[in-house]
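The block underneath contains the structure these notes are about, expressed in C-alpha cells.
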Amino acid sequence: MRIADVLQRKGATVATVSPGTTVAELLAGLARHNVGAMVVVDAEGGIAGIVSERDVVRRLNDHGPAVLEGPVADIMTTMVASCTPSDPVDQLSVVMTERRIRHVPVLDDGRLAGIVSIGDVVKIRMEQLEQSQEQLEAYIAQG
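The sequence shown runs 808 to 950 under my numbering.
Printed below as a string of C-alpha cells:
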C-alpha cells in the first residue's frame, strides 16, 4: 500500500501555521482541528518546520509559561522528515519508528499534499492484518 492510498482514505487536508503564530494560537488550532501537530509553512508555502504537542510541553517545561506568547518558530522542528504519495506505507513506518516521529508531511512535487500520522499507519496495518486473517480462515475452512 502506498501513501497516496492513505491520503485517499483520510483526506489531504493539512492544518498549518506560519512561523510567527504564537504558541498559544497554535494550541488553539491543535484543539480546533483535533490534531497533534501542525506543519509550519513559510510565506511562499514551503515547509519551514513542524510543531507538535510534544514540542510545546518540552519548551513549557524548560522555559515556563512565557513560551506561550512566543512564536512557533522558536519551538518548531526544522529538520522535517517527509514522504511522497508513491512511497510505501511500510517504508514510512520504519522511518517513523527509527526517528521516533509521529507526523510526516507528504510532498508531491515539492508541495504539501497531506500529512500521515502514526495512527494512520497503525490503522492501515491493522486492516491489512484483518484481511490476512480472513483469508487464512477462509482457506482453512475450505479444507
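A virtual CB, placed ideally from N, CA and C, is assigned to each residue, including glycine.
When secondary structure is reduced to three states using DSSP, T885 falls in the coil class, being assigned neither helix nor strand. Between V846 and V821, the CB-CB gap stays under 7 Å. For the pair A811 and P892, the CB atoms are nearer than the 7 Å cut-off. In its chain, beyond the 5 residues on either side, V824, P826, T828, V830, L833, V847, V858 have a beta carbon closer than 7 Å to the beta carbon of V879. Under the 10 Å beta carbon count, M903 is surrounded by 16 or more other beta carbons and is classified as buried. One thing to note: I854 has its Cβ no nearer than 7 Å to the Cβ of V901. Among the bridge pairs identified by DSSP, L919 is matched with L914. Judged by DSSP in its simplified three-state form, V830 adopts helix. In the three-state scheme derived from DSSP, where H, G and I count as helix and E and B as strand, S900 is classed as helix.
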